[in-house]
Structures are given as structure tokens and as C-alpha cells.
Amino acid sequence: MSHLICHLNASYYYTEFPRNLYNIRVHSFHKWLNPRRKQAHSNMAPSRVLFTILVHLCTVATCLCHNQPRFTAIYAFGDSFADTGNNNFLVTLLKANHAPYGQCFPGRVATGRFSDGKLIPDILASALGIKEFVPPFLDPSLSPQELRTGVSFASAGSGYDELTTVLTNVIPVSKQAEHFEHYIGRLNQAGGEVAARNIVRGSLSVLLAGTSDFLINFYDTPTRQIHYNLTGYQDFLQHKIRQFIRTLYDQGVRKFLIAGLPPVGCFPIQITTKLRFQLSCADDENRDAQSYNQKLISLLAKIEPTLPGAKLVYADIFSPLIDSIIYPSKYGLAITNRGCCGTGLLEAALLCKEFSPVCPNPAQFLFWDSTNPSEVAYKNIAQFLLQHALPQLA
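Per numbering that gives the first Met the number 0, the sequence shown starts with residue 0, numbered consecutively.
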């Protein structure tokens, strides 16, 4: 465990600047490091080469970051893709506040994040210059400064469908919206109503949900299939999304980043339970996710004109994940069909426990456990969103 490889190998790195994430292919610098070219550059001191590289990187960072919008705070809602520790304070089996979770988090602390390290909200918050980590709202030790710059209301195992959380005993998205109202009350107390209103209006709200609804309620335990066919259930969930957006809008939120579904058919738990040949993806479930995502894009375009001053941007998390699966070497990955924890086929939450064997190289795994991506995967998703989604909120 002491020799975990938590960062990408030498072929593909991420450099985190205060305002964005960038990838740097090391081979682009090999011309400076190749011994066969040493004589040609013998009069160029190593320090001069390094200075040239750093100036180039800083110039690129300045240019690209200029296109990113600025936000007063960041709020995260949804499931384990965004839960930074709220489930720690609930009576539920769905917790990640124990080893080996957090192996690649600073200090190797299991914070309650369902991954080896940071989640999408953390990475976005850092890249946008808001804060390094997004704390859970239910943490009683939150400082006024943490409240002012944003928190996560998400709860692992949650969904838009309240029935999903009945099975998991976590916080449904609708209840997270109620918690947001309580948050505003605390913000008013901390700095006054005018300041609170300005913070909320200038904030970014990130919604990452829907996966648990399908995994828990439709595919693996088909409770909702009694009431809905696939199309009907998709429409049911998107009606819930509309209600959620309206609730936050009425509380003053104006900038929304709303994620669709990932390629759920490629989650290790789905590959395992469907007994897929050679551990391949369940293509039918991926097609379901794509049809859901297309409906969500249409929904957001339809309701945005009804909310004056609001911007609703679709967050595509399907594309970066499926691209990582099709072209793993492009991202420095080696394993994409099982998780790093245990066998990687079934383990998650309490089954991914302190004494579970862990792969020595999480940076080469797309998934940390059977239902949650690794930090490397989340960085890839965040970079994709920073390039393709966030500029639309400027």
C-alpha cells in the first residue's frame, strides 16, 4: 500500500493550475531530453530549457483560463459522483469513510468520497479558482468561509426517484433541494441577506444524478419496471429534474451544469451481473443512457427560456468515459472493465473494506470500485467539462 501509483504514468500527465486543468504529453519535450540531440543543443543550459518550458505552459494557461467563467461559489447535488462525505452523517450502509477509500486523497484520508481521491466537484472547484475541496453540507464543523464558497449536498446512492433512496436510506435529490434552502438560511445568518443573495446568484450548481435510479431501481432490482417501461421511467425522472431546477431557480440560482448518464453498461457491477462475455460492456444499457441523455438535452433547451436569466448547460459525462474505454492508452489507462478495490467486479461501499486487496496502480484503472470511477477518470471528465461545458456559462 505504501507504493501506490496515484498519478498518471510518464506518458500522460495533468498539470493543475489555479484556474484550469491541462494535460501535457511528455513526448513533446523529448527533443530536449534525447541524448542523440544533446550536441545540437549543447549551448542551451538545462535551466534555460526548463525556463522556456515553464514560460510556454504559463502562457497557455493564461490564454485558456481567460475563457472560463468566474463563480462566487460551487454547489454539488446528486449521488456518489458528487458526495464528498454527507453519507458519513447518515445511518446507511453506503459509506466510504474507511480504508481503502481515499488512498490517493491528500493525506490518504478516507473522507467519505467514493473513490481513491477527488471527485468532479472538487476538481472543478480547484480549476475554477473557488476552493481546493468541496465539503459536505452535513459536516457540523463547517466554517463561515466554507459556507460562502460552496458545499456538496449530494448523497451516494441517491437519485431523482424517492423510491431509490428508500432502498438505500440516503438523501434523495428533492431533499437535497430542501437542504439548500436551509443552507441559504445559514448563509443569511453568517453575512446578511444581501451578501447571501449575491453569492447564490453568482454561483455554479452542478447536478450529477440518475445513475443510481437505473442501477438500483430499474436494472438490478427492477422495482420500477412494474410501473414504467424504459421511456416512461426516463420521462418520470426528467420531470423530477424540471422540478429540481425550478426549486433552485426560485432560491436564486442562475447557473446550472446538469449531467446526463454515464455509460452504465460499462460499470464493472453491470458487466459482472450481466455475465458479459470477456467482461465487455452491456451495450443495451449504454444505448438506454444515450437516449436518456438526448431527452435531457432537449428538456434543458425547452425549459431554459422559461427561466429568465438562467443558463442550463448539459454536462456530457458519457463521452469522456466511453472514450477512455475505447482508447485507454490515450489516457494512460490499462484496466477499464473492473475496479481497483478487491476483485474489482462486485466490491463497493462496505464490500470494499479495509482489508480488501487494492491494485498498486489506481492511476491505470478507470474505476476505483465496481460502481465508481477513479480520481484519474474524474480528472478526465472534469477536463472535458472545462473545455466543452463551462465556457457556455460565461
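Backbone N, C-alpha and C define an ideal beta-carbon position, used for all residues, glycine too.
Within a Cβ cutoff of 8 Å, which residues of the same chain sit near residue i, ignoring the five residues on either side of it in sequence?
i	result
residue 303	309, 310 and 311
residue 241	298 and 302
residue 380	119, 316, 319, 320 and 372
residue 248	306 and 309
residue 279	270 and 336
residue 243	76, 159, 172, 173, 176 and 206
residue 282	264
With 8 Å set as the bound, which would you pick, yes or no: does the beta-carbon of residue i sit closer than that to a beta-carbon of chain B?
i	result
residue 148	As a matter of chain content, chain B is missing from the structure shown, which is built from one protein chain.
Using a Cβ-Cβ cutoff of less than 6 Å, which residues in the same chain neighbour residue i once the five nearest sequence positions on both sides are dropped?
i	result
residue 156	93, 167, 169 and 211
residue 150	134 and 136
residue 365	323, 332, 335 and 376
residue 393	68
residue 85	135, 137 and 154
residue 175	76 and 152
residue 398	Because the chain spans 0 through 393 in this model, residue 398 falls outside it and cannot be assessed.
In this structure, how does DSSP classify residue i when only helix, strand and coil are distinguished?
i	result
residue 147	helix
residue 375	helix
residue 26	Only weak support exists for where residue 26 lies, its pLDDT of 32 falling under 50; the coordinates are left without a value.
residue 389	helix
residue 330	helix
residue 291	helix
residue 342	coil
residue 301	helix
residue 312	strand
residue 360	coil
residue 274	coil
residue 383	helix
residue 350	helix
residue 366	strand
residue 168	coil
residue 5	coil
Where does residue i land, buried or exposed, given buried means 16+ other C-beta within 10 angstroms?
i	result
residue 202	buried
residue 139	exposed
residue 388	buried
residue 144	exposed
residue 353	exposed
residue 286	exposed
residue 220	exposed
residue 4	exposed
residue 258	buried
residue 325	exposed
residue 114	buried
residue 329	exposed
residue 142	exposed
residue 356	exposed
residue 284	buried
residue 362	buried
residue 359	exposed
residue 228	exposed
residue 300	exposed
residue 191	exposed
residue 260	buried
If you drop the 5 nearest sequence neighbours on each side, which residues of the same chain put their C-beta closer than 7 Å to that of residue i?
i	result
residue 217	223, 224 and 232
residue 148	72, 129 and 130
residue 394	The displayed coordinates of the chain run from 0 to 393. Any statement about residue 394 would go beyond what the structure contains.
residue 108	101
residue 294	233 and 237
residue 98	109 and 353
residue 250	179, 180, 183 and 199
residue 471	Shown here, the chain extends from 0 to 393; a query on residue 471 therefore has no answer.
> Within the chosen definition, does the segment 364 to 373 reach the segment 327 to 341 through at least 3 CB pairs nearer than 8 Å?
Replying inline: yes
>> Which runs of the alpha helix (DSSP H) at least 4 residues long sit entirely within the segment 183 to 264? Give them in chain order.
In response: 192 to 200, 210 to 213 and 229 to 249
> Do three or more CB pairs link the segment 97 to 108 to the segment 172 to 188 at distances below 8 Å?
Replying inline: no
>> Three or more C-beta pairs under 8 Å: does that hold for the segment 107 to 120 against the segment 76 to 85?
In response: yes
>> So within the segment 54 to 140, which uninterrupted alpha helix (DSSP H) runs reach at least 4 residues, ignoring any that extend past its ends?
In response: 119 to 126
> Are three or more beta carbon pairs between the segment 343 to 363 and the segment 260 to 280 nearer than 8 Å?
Replying inline: yes
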